[in-house]
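Going by the numbering used here, the residue at position 31 of the sequence shown is 92; the numbering climbs one at a time, nothing skipped. All residues carry an ideal CB built from backbone N, CA and C; glycine is no exception. Just so you know, these numbers come straight off a predicted model, no measurement behind them.
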Amino acid sequence: MQQNLQIHNYVLIVLILIEETHSKWKSGEITAVMFMKILELKKNTFYKIMKEYEEEK
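This is the structure in structure tokens:
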């Protein structure tokens, strides 16, 4: 139960960070590398998540 809560909290934090930072990345204020570091994601995972995010948006 504790581990499920930790995973759920991590996902929520990542979603909040994406919401706050996505427009800065798209406008060129930050680079994709900076965005990946903020989210602590590897390149493949980052672009997969960004594709899903933009399709849902």
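### Query
In whole angstroms, what separates the C-alpha of residue 97 from that of residue 71?
Each residue's Cα considered, the two are about 15 Å apart.
### Query
In chain order, what residues of the same chain have a beta carbon less than 8 Å from the beta carbon of residue 114, not counting five sequence neighbours either side?
79, 83
### Task
Could you tell me whether the Cβ atoms of residue 77 and residue 85 are closer together than 7 Å?
no
### Query
Grouping DSSP H, G and I as helix and E and B as strand, with all else coil, what is residue 90?
coil
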